[in-house]
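Numbering (full-length UniProt numbering), first residue to last: 1 to 478.
Cβ coordinates follow ideal geometry from the N, Cα and C atoms, glycine included.
Since we're looking at a predicted model, the values are computed, not measured.
Quick notes on the structure that follows.
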């Protein structure tokens, strides 16, 4: 982009289109990197009875003989209490990796546990499911694969009536899904996607949150774009996910966070984002952004701040779709809300500032209307105040300003008076080459549309550049 031989700052190739193209290439690389940062984790539900908690029971590592004894008692104990107690003791022992390894090596142990899972006694069934849940949380892939014989029963119970059992089955399946490809290979033909879709209309918030977790684990699989997401999009799941993200008093933060991440993974796959847009994903997320801005402004966090990252990412990625102008938000309140959120993030979670600035970049990239809003609402100075936060933030802020400047002379006329010049010259003193390069790109845009900018810069830039360590020599002739 810079012509070094003549020592002159000028455009090469196709001018403004070249600038635009190169910036979009950098953005595409950033989007790819962000898609590859997955949120893989496991969940563990431990709901010990009050008696266990008060007694301060310490779970012991169990040997083969003890495991066999507890399984025998669970099957043939003299009463329901004794049988249930044996499973409780086994479940507590399975909290230890050593016991888990012993259990899966023991011949017939899993078959016995699956038999107890299918018992017609609800308490035994639930306690057997808790044992499986402990196993599913293991960090050893062999332990998760040993649970494969139970997966078809876990799927079947998703259509049951016990919300406690359904919740437990969902978290267990979610843990198993993330562990290995062989687990997913067995679960997909067994019908895990339709089984999950059957849970989406549950009236129980705990079930919905567990469903969101299990689905998000499934959507993060490396084979998800080809083998899983098309199946998910063919079910009512996307419409119901968007329904659960509708802002208002019925919005549950725990449920919304799980499904917002689900939506993020679907959008990142780029399988069929047009379908999501048709279902109103952009407008739903835009309204949710307004709602979140109001909540953080009133200091009503209540877990809602956890929604900020997935919602910002979903909107940012949807706005990069080829449909461009057709999917753009056109409500000026979105810009105001975004700046409220940026201020909140600056104070509470500065690591998420790039997420908000990425959305602002995508909003302004193809929209003169939003660029006008930044100027008319006097938001340039608050934007410049973010420059010192980090190099990543600086580059994104400068990119947004480039979006504004490239809209033409009228925008540059409104950009230049004010604090932009001193802030820009400060950026030229940075040692980070990407920050300096983006600063120079903004200056170039201003030179193109406002030649007199060069007159003022002539006095300042050489002095700023003297201490600059740069990988390439720069000199300027005007």
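Local conformation of residue 162 per DSSP, three classes: For the purposes of this step, residue 162 is taken as the residue at position 162 of the chain shown. Three-state result, residue 162: coil.
Where residue 98 falls, given that 16 or more other Cβ within 10 Å makes a residue buried: Taking the chain shown and counting its residues from 1, one reaches residue 98 at position 98. Exposed is the call here.
Beta-carbon separation (whole angstroms), residue 118 vs residue 153, contact threshold 8 Å: For the purposes of this step, residue 118 is taken as the residue at position 118 of the chain shown. For the purposes of this step, residue 153 is taken as the residue at position 153 of the chain shown. Yes, residue 118 and residue 153 are in contact; Cβ-Cβ is about 6 Å, under 8 Å.
Cβ separation of residue 133 and residue 102, assumed to be a contact under 8 Å, to the nearest whole Å: On the chain shown, position 133 is the one that residue 133 refers to. On the chain shown, position 102 is the one that residue 102 refers to. Residue 133 to residue 102, Cβ: 18 Å. No contact.
Through-space distance from residue 86 to residue 70, alpha-carbon basis: Here residue 70 is taken as the residue at index 70 of the chain shown, counted from 1. Here residue 86 is taken as the residue at index 86 of the chain shown, counted from 1. One C-alpha to the other measures close to 5 Å.
Other residues of its chain near residue 167: CB distance less than 6 Å, five sequence neighbours each side excluded: Residue mapping note: residue 167 aligns to position 167 of the chain shown, counting from 1. Cβ within range, chain order: 206, 207, 210.
Cβ contact (3+ pairs, closer than 8 Å) linking the stretch 236 to 255 and the stretch 181 to 192: no
Where the alpha helix (DSSP H) through residue 377 begins and ends: Along the chain shown, read from residue 1 onward, the residue named residue 377 stands at position 377. No alpha helix (DSSP H) contains residue 377, which DSSP labels as neither H nor E.
Own chain, CB closer than 8 Å to residue 318, minus 5 neighbours either side, in chain order: As a working note, residue 318 is residue 318 in the chain shown. Cβ within range, chain order: 267, 273, 276, 277, 281, 282, 285, 327.
Proximity to residue 217 [Cα-Cα], best of 175, 234, 429: The residue given as residue 217 occupies position 217 in the chain shown. For residue 217, the nearest C-alpha among the options comes from 175.
Alpha-carbon spacing of residue 362 relative to residue 225, whole angstroms: Against the chain shown, residue 362 aligns to sequence position 362. Against the chain shown, residue 225 aligns to sequence position 225. If I take the Cα positions, the gap works out to 24 Å.
Contacts around residue 111, its chain only, beta-carbon distance under 8 Å, and the 5 residues preceding and following it disregarded: What you label residue 111 is simply residue 111 of the chain shown in a count that begins at 1. Here the set comprises 149.
Euclidean distance between Cα positions of residue 429 and residue 419: By one-based count along the chain shown, residue 429 stands at place 429. By one-based count along the chain shown, residue 419 stands at place 419. Looking at the two C-alpha atoms, the distance is approximately 16 Å.
Residue range of the alpha helix (DSSP H) that includes residue 265: Taking the first residue of the chain shown as 1, we reach residue 265 at position 265. Residue 265 -> alpha helix (DSSP H) spans 253 to 269.
Boundaries (first-last residue) of the alpha helix (DSSP H) holding residue 85: Translated into positions along the chain shown, residue 85 becomes position 85. 80 to 93 is the span of the alpha helix (DSSP H), which, as asked, contains residue 85.
Proximal residues to residue 310 (C-beta, below 8 Å), its chain only, five neighbours per side dropped: Position 310 of the chain shown, counting from 1, holds the residue named residue 310. Same-chain partners within the cutoff: 257, 260, 261, 263, 264.
Residue 345 and residue 353 closer than 7 Å at C-beta: Looking up residue 345 in the chain shown gives position 345. Looking up residue 353 in the chain shown gives position 353. Against a cut-off of 7 Å, the Cβ pair of residue 353 and residue 345 comes out as a contact.
Buried versus exposed, by CB contacts within 10 Å (16 or more), residue 74: Reading the chain shown from its first residue, position 74 is the one you call residue 74. Looking at its Cβ environment, which holds 16 or more other Cβ atoms inside 10 Å, residue 74 is buried.
Below-7 Å beta-carbon distance, residue 170 vs any chain C residue: This model lacks chain C altogether, as it is built from one protein chain only.
CB contact flag (residue 386, residue 397, <7 Å): Numbered from 1 along the chain shown, position 386 holds the residue referred to as residue 386. Numbered from 1 along the chain shown, position 397 holds the residue referred to as residue 397. Contact flag set, yes.
For residue 66 and residue 249, the rounded distance between their alpha carbons: Mapped onto the chain shown, residue 249 falls at position 249. Mapped onto the chain shown, residue 66 falls at position 66. Looking at the two C-alpha atoms, the distance is approximately 51 Å.
Coil, strand or helix - residue 240 by DSSP: In the chain shown, the residue the question calls residue 240 occupies position 240. Note: residue 240 maps to helix in three-state DSSP.
C-alpha distance - residue 308 paired with residue 332, whole-angstrom precision: Here the question's residue 308 lines up with position 308 in the chain shown. Here the question's residue 332 lines up with position 332 in the chain shown. Distance between the alpha carbons of residue 308 and residue 332 is about 19 Å.
Whole-number beta carbon distance between residue 449 and residue 409, since they are thought to touch under 8 Å: Locating residue 409 in the chain shown gives position 409, counting from the first residue. Locating residue 449 in the chain shown gives position 449, counting from the first residue. The Cβ separation is near 4 Å, so the contact holds.
Residue from 107, 106, 125, 105 whose Cα sits closest to the Cα of residue 114: Here residue 114 refers to the residue found at position 114 of the chain shown. Checking every option, the nearest Cα to that of residue 114 belongs to 125.
CB contact flag (residue 214, residue 170, <7 Å): By 1-based counting over the chain shown, the position of residue 214 is 214. By 1-based counting over the chain shown, the position of residue 170 is 170. Yes.
Beta-carbon proximity list for residue 37, same chain, < 7 Å, skipping 5 on both sides: Within the chain shown, residue 37 is the residue found at index 37, counting from 1. With a pLDDT of 47 at residue 37, under the threshold of 50, the predicted position of this residue should be treated as unreliable, and no value is reported.
Buried/exposed call for residue 212, threshold 16 Cβ in 10 Å: In the chain shown, the residue the question calls residue 212 occupies position 212. Buried, because 16 or more other Cβ atoms sit within 10 Å of the Cβ of residue 212.
Three-state secondary structure (DSSP) of residue 209: Position 209 of the chain shown, counted from the first residue, corresponds to residue 209. Helix.
Residue 385 CB to nearest heavy atom of the ligand COA below 6 Å: With respect to the ligand COA, the structure shown offers nothing to examine, as it has no ligands at all.
Whole-angstrom C-beta distance between residue 232 and residue 244, which should lie under 8 Å: Locating residue 244 in the chain shown gives position 244, counting from the first residue. Locating residue 232 in the chain shown gives position 232, counting from the first residue. In fact, because the Cβ distance is near 15 Å, the residues do not count as touching under 8 Å.
Local conformation of residue 76 per DSSP, three classes: Numbered from 1 along the chain shown, position 76 holds the residue referred to as residue 76. If DSSP states are grouped into helix, strand and coil, residue 76 belongs with the helices.
Closest residue to residue 296 among 122, 338, 330 (Cα-Cα distance): Along the chain shown, one-based indexing puts residue 296 at 296. Per the Cα distances, 338.
Residues near residue 194 in its chain [Cβ-Cβ closer than 8 Å; skip 5 each side]: Taking the chain shown and counting its residues from 1, the one referred to as residue 194 is at position 194. Excluding residues within five positions, the ones whose Cβ falls inside 8 Å are 235.
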